[in-house]
Structure formats: structure tokens, C-alpha cells
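**Student:** With this note's numbering applied, the sequence shown covers 238 to 560. Let me give you the structure first, and then I'll get to my questions.
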Amino acid sequence: IHKLSVVVFDKTGTLTKGELAITDIAAAEGYDEKQVLAYAAALEKNSEHPLAQAILQRAQKDGIAIVVAEKFEAVSGMGAKAFIKNKSSVAGNRFFMKSEGIFVDDWDTRASKLASEGKTVVYIASEKNVLGIIALADTPKASAKQVIENLKKRNLKVMMVTGDNYGTAQAIAAQLGIDQVLADVLPGNKADEIRKLQKAGEVVAMVGDGINDAPALAASDVGIAIGAGTDVAIEASDITLIRDDLSGVPEAIGLSEATIRVIKQNLFWAFFYNVIGIPIAAGALYPFFGILLNPEFAAAAMALSSVSVVSNSLRLRRVWGKR
Numbered sequence: 238i239h240k241l242s243v244v245v246f247d248k249t250g251t252l253t254k255g256e257l258a259i260t261d262i263a264a265a266e267g268y269d270e271k272q273v274l275a276y277a278a279a280l281e282k283n284s285e286h287p288l289a290q291a292i293l294q295r296a297q298k299d300g301i302a303i304v305v306a307e308k309f310e311a312v313s314g315m316g317a318k319a320f321i322k323n324k325s326s327v328a329g330n331r332f333f334m335k336s337e338g339i340f341v342d343d344w345d346t347r348a349s350k351l352a353s354e355g356k357t358v359v360y361i362a363s364e365k366n367v368l369g370i371i372a373l374a375d376t377p378k379a380s381a382k383q384v385i386e387n388l389k390k391r392n393l394k395v396m397m398v399t400g401d402n403y404g405t406a407q408a409i410a411a412q413l414g415i416d417q418v419l420a421d422v423l424p425g426n427k428a429d430e431i432r433k434l435q436k437a438g439e440v441v442a443m444v445g446d447g448i449n450d451a452p453a454l455a456a457s458d459v460g461i462a463i464g465a466g467t468d469v470a471i472e473a474s475d476i477t478l479i480r481d482d483l484s485g486v487p488e489a490i491g492l493s494e495a496t497i498r499v500i501k502q503n504l505f506w507a508f509f510y511n512v513i514g515i516p517i518a519a520g521a522l523y524p525f526f527g528i529l530l531n532p533e534f535a536a537a538a539m540a541l542s543s544v545s546v547v548s549n550s551l552r553l554r555r556v557w558g559k560r
């Protein structure tokens, strides 16, 4: 970890709180906001994604009756599709709509404006027609910006990887001071992005919390999982932060650097003691000064060298154990 050159953060649930809330609903002609929300809630009812949970919570809050969706299918990193009232319906991002053959260009201006505000846009469609869009926003964690600044002071490159579109990702990155963004990355491709960085000669740490982050955590040189994340992410990581607090990332790096320094110091002092002490114990000073080292003193000096090494190591516990 002390050799790291790049730290890559997942966005939702890692840099942000993962507490999404609907901020905007826009309906197509012939529909109203409640109808759009009703379709979205029906489509997302069986999904565990944070976006889906936020949509369901809003629908329940507004007292909207959620109909049963049939043949539900969640498409990782894209959205969900099902049949609602015998109509083929889809909820998801722009790429998902395109892959399903749904024309969304008429919504680009409005969707781009929402994305530039750091909001995630979900398209709702039925029978190949867009019924409307729903925008959701998340809040960056309180410690995120300070952590990014701390890592930059350590001369580390900081990047963010997300499945959100570039506009949304860039808006969040700008708030936190992150210069490099990998956007529109499907869950299965996050690990590929990590490998690309490694092939470029970077030593990479990945910080994430979700199931989608597990392959990237495993592929990175150092995987760091948020303690509040999924079991799969924790198992795939090398380091688990007990608290749901990003300040543990620079602390872990700092502890590693301090540990390496102490190891080098201990090696120096152990070498120094032996280089000086062994010749003296063997009588190297006797021909010149008539000095012979009593065996008891030699043994005590050897024990003292071990005490100094242990004492030096215990400094780590005194300094870092309080954090």
C-alpha cells in the first residue's frame, strides 16, 4: 500500500451517502408525474438497487398504488424491464433505452441539464415510447472532500469510477476536487479499467462498497472496502474500514508508510548493533586499547538492541492506536 500511485473511488455509497431522493419528474405529453412514477415503481419493485429503493419510497409516500410487474428482469448497470398491464416496459439509463430500440433524443437537452446538476436520470418507457424521466440526487459524504485533498497532498492521483453518465459524474467530481473521472462504466468493466491503469504502470487502490465493486476490488493492487458495504465487497478486499468513514483511507496509507519507515529503522539499528558489537565482543579493541568486553555486558548489549527495536515498533501503536 505504501507504493500506491492511484486511488480509484466508486461513487454511489462510497463517495456519496447512497441516500438517493427524487428531485425532478418530467412527463411526456399525455401523461402526468404520478403516472410516470407509478410505472417506475412497478418496474423497480423487485430491484435492490439504491435508485429503485428511492423511487419506491417516493411512490409509497405519495400514496401511489404499485401494480404487479410480470417477467421482471434486472440488467446490471443499465436498469430493469418487465411487463406492466401486458405492455413491455423499461426503466433505466440512456444506453439501456438505446439498446432496447427506444428513441430518447428528444429528451437529451432536459436530461443533460439535470445531469450537469449532479443528478442521475432514469428514463421510463412503455411499448418503445418514453413516458418521462425521473432525476435523483445523492449527497457527498462529509469527509469525502477532505480525504481527497489529503490524498492529493500525498502526491497520489485520485479518480472516480461510476456507471453514471459523464455529466452527472463530473458534477460530483467537481464538488469533491477529483480531476479524473471514468463515467458510463458498466459494473463488469470496472475491473477492466483497473487493469488498464496497472498496465500503464500505476499501482492502484480501489475503494468501493457494493457487489458491483467486488471484481474491481479483487483486481486492484489494494482493495479497500467500506465496512457498511456488502459482504461480497468486504470478502474481495484487502482492507476493510470498520467505520463508514472515508478518513480511514488516508489513515491506512499513512499507517503503511509509517510501518515501512519503522521496519527500515529497525533493520538499520539491528545492523548497526551487530557491526559494532560483534567485533568488540570478539576482542577487536584489545590490541589497541587493551579493552575486553565482559560476556555479561555483551549479552546485555545484545538484549538492549532487541529492546530498542521493539520500543521503536511500539511507537506505531502509541501514535496510530489512538486514531
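Note that CB positions come from ideal geometry on N, CA and C, so glycine has one too. All figures in this text were calculated on a predicted structure; none of them were measured in a lab.
#1: Taking K501 as part of the alpha helix (DSSP H), name the residues at either end of that continuous run.
#2: Is it the case that the Cβ atoms of A328 and G316 are separated by a distance below 7 Å?
#3: Go ahead and label L241 buried or exposed: buried means 16 or more other beta carbons lie within 10 angstroms of its beta carbon, across all protein chains shown.
#4: With a threshold of 6 Å on Cβ separation, who are the neighbours of L419 within its own chain once the five nearest residues in sequence on each side are excluded?
#5: Would you decide whether F525 is buried or exposed? Buried here means 16 or more other CB atoms lie within 10 Å of its CB.
#6: State the Cα-Cα distance for the pair D261 and L551, rounded to the nearest angstrom.
#7: Between the alpha carbons of G338 and L553, how many angstroms are there, rounded?
#8: Whole angstroms is fine: what's the gap from E256's alpha carbon to W344's?
#9: What ranges does the beta strand (DSSP E) occupy inside the region 360–405, keeping only unbroken runs of at least 3 residues that lie completely in it?
#10: Check whether the region 272–281 and the region 375–384 touch, using three or more Cβ-Cβ pairs below 8 Å as the test.
#11: Where does I490 land, buried or exposed, given buried means 16+ other C-beta within 10 angstroms?
#12: Go through its chain and collect everything with a Cβ distance to A264's Cβ below 8 Å, but skip five positions before and after it.
#13: How would you write the range of the beta strand (DSSP E) that E307 sits in, first residue to last?
#14: Taking the alpha-carbon positions, what's the V359 to S457 distance?
**Tutor:** Answer, in terms of the structure:
#1: 485–518
#2: yes
#3: buried
#4: V398, E430
#5: exposed
#6: 55 Å
#7: 59 Å
#8: 26 Å
#9: 366–374, 394–398
#10: no
#11: buried
#12: E270, Q272, V273, L368, G369
#13: 307–312
#14: 30 Å
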